[in-house]
Amino acid sequence: MLHRINLLLALASTASAVCNESTLRLATDRYVASQTTGSLQWLGDELSNGTTYLENGKAVALASNQTAFSLPLRVDYRQTIFDTTQCASFTSLVDSDAVAPRVIGAQLWLVDDKVTKIDRIVTTPGDWLFNATGTLYYSLREDWGVIPPEKRDSRATIKAAADAYFDVFKNASVPVPWGTPCARLEGGAYTGRGLPTDSCNVGVIQSFDMPNRRYVIDETVGAVSVFVEFGSIGNAPDSHLFRVEGGRLRFIHTMTYCEKKPNCGFSFSRPGAGGAGIAS
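Under mature numbering (1 follows the signal peptide of the UniProt record, and there is no 0), the residues of the sequence shown are numbered -17 to -1, 1 to 263, in order.
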């Protein structure tokens, strides 16, 4: 009986989270307007009472002047995916300003058409392989367009591809569905060379857990945003965005917050190698 009650509660919770794309788009557009102006007033009507705000893994008062919201952002590039099953969105924003560049990833979570949680990774110079100009340049070269319905992967397939990528950091025997070609944009470093043989399978440091994963999945573009504590970089707050086509990884975008340690305390023998080229 208890199992049945728990199942019904879980189903009810899932049902209440479902929403349409227009609702998500409005809330996300308001979020972007708030960030570009440095004023929360654009987002105010979309917020629930007591909205949770996380910045680089830490809870912060949303109206605090200590958040990145208080600084206007020049949006040179925007990419958004919509998860109508969970009523969530993910948006990456790039400001390549020469004086104060930033690259920000944000997951917005809604319940009953109101934003209940904003979870953001905010990166600036000194964070993992940070280069806003490189991020902008390479992002504009890629095709993240809508996938025809008959060719779309299921939510389970898209999530499994991302999980395999993270799980291999702990267990080298995990089969990862690497696509070919595949390109990884890590900070501002890029592994792709425009060749049909380009690969994202460039090696990882083992063995590390990748805990606290939060997923936003959009089947229409084969994308999943995963926020995680990146184990091989000291559990740093991290954002990974994957493009999956035909069950295989096609593009990978990362941003990782390093707090006060440039490149999280590492130097590099082979930039953009997903950890394989790190030398302490």
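The beta carbon of each residue, even a glycine, is placed where N, CA and C say it ideally should be. The structure presented is a predicted model; accordingly, all values stated were derived computationally and were not measured.
Next item on the list: Mind checking who P84 pairs with in its DSSP beta bridge?
Entry: P84 is not bridged to any residue.
Check: Going along the chain, which residues of its own chain have a beta-carbon closer than 7 Å to the beta-carbon of T19, five neighbours each way excluded?
Finding: Taken in chain order, the residues that qualify are P55, L56 and V58.
Item checked: Reference P131, options S17, C165, G171 and V204, closest by Cα -> When the alpha-carbon of P131 is set against those of S17, C165, G171 and V204, the nearest one is in V204.
Next item on the list: Pick out the complete alpha helix (DSSP H) segments inside the segment 3 to 54, 4 residues or longer, and give them in chain order.
Entry: Complete alpha helix (DSSP H) runs here, min 4: 4 to 20.
Notebook entry, point to check: Residue ranges of each alpha helix (DSSP H) run of no fewer than 4 residues wholly in the segment 82 to 150, ordered along the chain?
Noted result: Taking only runs of at least 4 residues, the alpha helix (DSSP H) segments lying wholly in the segment 82 to 150 are 115 to 124 and 138 to 150.
Check: How would you label V187, buried or exposed, when you count the other beta carbons within 10 angstroms and need 16 or more for buried?
Finding: When all chains shown are included, V187 counts as buried.
Margin query: If you follow the beta strand (DSSP E) that Q62 is in, where does it begin and where does it stop?
Written below: Y60 to D66 is the span of the beta strand (DSSP E), which, as asked, contains Q62.
Notebook entry, point to check: Alpha carbon to alpha carbon, what distance is there between T63 and T207?
Noted result: Here residue 207 is Val; the residue named in the question, Thr, does not match the sequence. Each residue's alpha carbon lies about 11 Å from the other.
Notebook entry, point to check: Among R197, C241 and A143, which has the Cα closest to the Cα of G217?
Noted result: Selected option, being the one with the closest Cα: C241.
Checklist line | D181: first and last residue of the uninterrupted beta strand (DSSP E) it sits in | finding: That residue, D181, is in no beta strand (DSSP E); it is neither H nor E in DSSP.
Note to self: Once the 5 residues before and after P179 are set aside, which same chain residues still bring their CB inside 8 Å of it?
What the structure shows: For P179, the CB contacts under 8 Å within the same chain, skipping 5 residues up- and downstream, are T163 and P164 in chain order.
Note to self: Within a Cβ cutoff of 8 Å, which residues of the same chain sit near W127, ignoring the five residues on either side of it in sequence?
What the structure shows: Excluding residues within five positions, the ones whose Cβ falls inside 8 Å are Q62, V204, A206, R226 and F234.
Next item on the list: May I have the straight-line CA-CA distance separating C70 from V129, to the nearest angstrom?
Entry: Approximately 19 Å between the Cα atoms of the pair.
Notebook entry, point to check: What residue range is occupied by the uninterrupted beta strand (DSSP E) comprising V77?
Noted result: Annotation: the continuous beta strand (DSSP E) that includes V77 extends over A71 to D78.
Checklist line | Straight-line gap, F159 to Q189 (C-alpha atoms, nearest Å) | finding: Looking at the sequence provided, one finds Val at residue 159 rather than Phe. Note on geometry: alpha-carbon atoms of V159 and Q189 lie some 15 Å from one another.
Check: Using the C-alpha atoms, what's the distance from G40 back to L26?
Finding: Cα to Cα, L26 sits roughly 21 Å from G40.
Item checked: Three-pair Cβ contact test at 8 Å for the segment 137 to 157 versus the segment 85 to 96 -> Output reads no: the segment 85 to 96 does not touch the segment 137 to 157.
Notebook entry, point to check: Secondary structure at P245, three-state DSSP: helix, strand or coil?
Noted result: Judged by DSSP in its simplified three-state form, P245 adopts helix.
Checklist line | Separation of V151 from H223, as counted between CA atoms | finding: Pairing H223 with V151, the inter-Cα distance amounts to about 15 Å.
Checklist line | Inter-residue CB distance, D80 and S72 (contact presumed, cutoff 8 Å) | finding: About 25 Å separates the beta carbon of D80 from that of S72, a gap too long to meet the 8 Å contact definition.
Check: Thinking C-beta only, is G21 closer than 7 Å to S53?
Finding: Closer than 7 Å, so yes.
Margin query: Let me check understanding here. Comparing Cα to Cα, which of R231, L45 and T107 lies closest to residue 264?
Written below: This structure does not reach residue 264, given that the chain is present from -17 up to 263, and the question cannot be answered.
Margin query: Please state the DSSP three-state secondary structure of T203.
Written below: Reduced to three states, the DSSP call for T203 is helix.
Next item on the list: Output the distance between the C-alpha atoms of V209 and D146, rounded to the nearest integer angstrom.
Entry: One alpha carbon belongs to V209, the other to D146, and they sit about 9 Å apart.
Check: For Y120, which residues from the same chain have a beta carbon less than 7 Å from its beta carbon, with the 5 sequence-adjacent residues on both sides left out?
Finding: For Y120, there are no CB contacts under 7 Å within the same chain when 5 residues up- and downstream are skipped.
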